[in-house]
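Taken in sequence, the protein lines are chains P and G.
Per my numbering, numbering of the first sequence is gapless, rising by one per residue and ending at 224.
Per my numbering, numbering of the second sequence is gapless, rising by one per residue and ending at 448.
Below you'll find the structure, written out as structure tokens, and then a few comments.
2 protein chains.
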Amino acid sequence: MLSTVSSIPRLSTDPDDVAASGTVGAPQSDTVQRLLDAAAQAFADRGYHATTTRDIASRAGLSPAGVYVHFSSKEDVLYQLSRRGHQQALDLVRAAIASAASPAAQLAAAMSRFTVWHVEHYDIARVVQHEFPHLSQEHRDEVLDLRKQIDRALRQVLIAGRASGDFALDHIANTTLALLSMVVDVARWYTPAIARTPEQIGQTNAVLGLRLVGYAASPTRARP
Amino acid sequence: MLSTVSSIPRLSTDPDDVAASGTVGAPQSDTVQRLLDAAAQAFADRGYHATTTRDIASRAGLSPAGVYVHFSSKEDVLYQLSRRGHQQALDLVRAAIASAASPAAQLAAAMSRFTVWHVEHYDIARVVQHEFPHLSQEHRDEVLDLRKQIDRALRQVLIAGRASGDFALDHIANTTLALLSMVVDVARWYTPAIARTPEQIGQTNAVLGLRLVGYAASPTRARP
């Protein structure tokens, strides 16, 4: 159903990428990226089970054997897609938090940037969410661990904001989960037909997020 | 991956059900329900494209021809699953709103019951969300119309609450969307391993929802 799937920018610090491009140089890494993009498209269109490695290869302009140069199996392709997406999300949430000083500014930055990421990568986010049950147990655990790290990074901001008196909330875990729902669900409802820009959607979630944590009891200070 | 899919309770006011059971009685309706449950299970396990009508029939203990007695195609099965789920959700949101007098009590009831529904039917909700792109254009439009009616019912509560001075919020549409994200995303993160009961999760979303609409500026009145 998707005509194009936005590319996941390669993480330069990714050890696999470094290993993959170590002796052969950039072209091999480009092939990995092209295969991941092709897989995301194929999974989005047909689902994981109805997609073959031949489908993925063909969409990337390679022979089926070309897939196995870089991935051990179709599950490995899904795993790399999931791992990279989650690692990228974790990195940007951490960077957003590190970019600001106060808990309110940290929460606003994290909500805004993480939301923009979901708008810009809604197609890959959907695939990664939908096909999660098809990962091996080991790979599911690894992806869940990355999700827990994202959750933990956000929780720390809420804990700091409550300690400083900036936020007024009782239940850190439940509130963090609701904040993440507001962000992650963007991948479900967003379509390119929506007129609001990624930044506007991010800003809305930043303001609503501050309201949810009880920042600024006066409603005029935190209006969506 | 799902071993069981919870059954969608039949809506007694559903004209299709009345028609289906009109001359043949309850058994035919039971068969429809059994086929819908089997389809939800099959779609959850393998995805829409990798599921055949034969798979659905076999899980329901019928011959493939048995599916075509009740449904015109595999797409029709997905459509009936989606339509019934959305109609049921719309009915319960409207009933929740009708059950309370003040906007705050209406919002709390709607958030709580709609959340409980997502906990109890998380498996069907996932299937319906994931496979939505595989519906025909006409059926997608019909399901989208039901979603819009749910959205509209909730918006009316926010508009009334703002008019009465109970809620303090600026952007009705964006806030409604965030409230729905908190509810709908439950189907993504919920697993039966979670210790909280459906009612506790519903209550959390009711309290957080009131906070999001700026009900009771004092944080002690709306704590999660």
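The beta-carbon is built from N, C-alpha and C at its ideal position, and this holds for glycine as well.
Shown in chain order are the members of the stretch 107-132 of chain P whose Cβ falls below 7 Å from a Cβ of chain G: Gln-129 and His-130. In the three-state DSSP reduction, Arg-420/G falls in the coil class, being neither helix nor strand. Between the alpha carbons of Thr-197/P and Gly-426/G lies a gap of roughly 32 Å. The beta carbon of His-273/G sits closer than 8 Å to some beta carbon of chain P.
Leu-259/G does not reach chain P, its nearest Cβ partner there being about 20 Å away, counting only Cβ pairs nearer than 9 Å.
At least one CB of chain G lies nearer than 8 Å to the CB of Ser-181/P.
Across the structure, Glu-199/P and Phe-267/G are spaced so that their CA atoms are roughly 35 Å apart. Close to Arg-308/G, with beta-carbon spacing below 9 Å, lies no residue of chain P; the smallest spacing is near 20 Å.
Here Phe-71/P has Val-77 as same chain residues with Cβ atoms under 6 Å from its own Cβ, once five neighbours each way along the sequence are excluded. Nearest to His-354/G by alpha-carbon distance, out of Asp-45/P, Arg-155/P and Leu-212/P, is Asp-45/P. Taking the Cα positions, Gly-309/G is about 34 Å away from Leu-90/P. By the criterion of a C-beta distance shorter than 7 Å, Leu-436/G is surrounded in its chain by Thr-399, Ala-402 and Leu-403, once the five residues flanking it on both sides are discounted.
Put simply, the CB of Arg-278/G is far from chain P, with every gap to its CB atoms at 8 Å or more. For Arg-46/P, the C-beta contacts it makes with chain G under 7 Å involve His-273, in order along the chain. In terms of Cβ geometry, Val-408/G and Arg-162/P do not form a close pair [threshold 8 Å]. Excluding residues up to 5 positions away in sequence, Arg-337, Phe-338 and Trp-341 lie with their Cβ nearer than 7 Å to the Cβ of Leu-316/G in the same chain.
Not one beta carbon of chain P lies nearer than 8 Å to the beta carbon of Asp-369/G.
Between Tyr-272/G and His-395/G, the C-beta gap is not smaller than 8 Å, which leaves the two residues out of contact.
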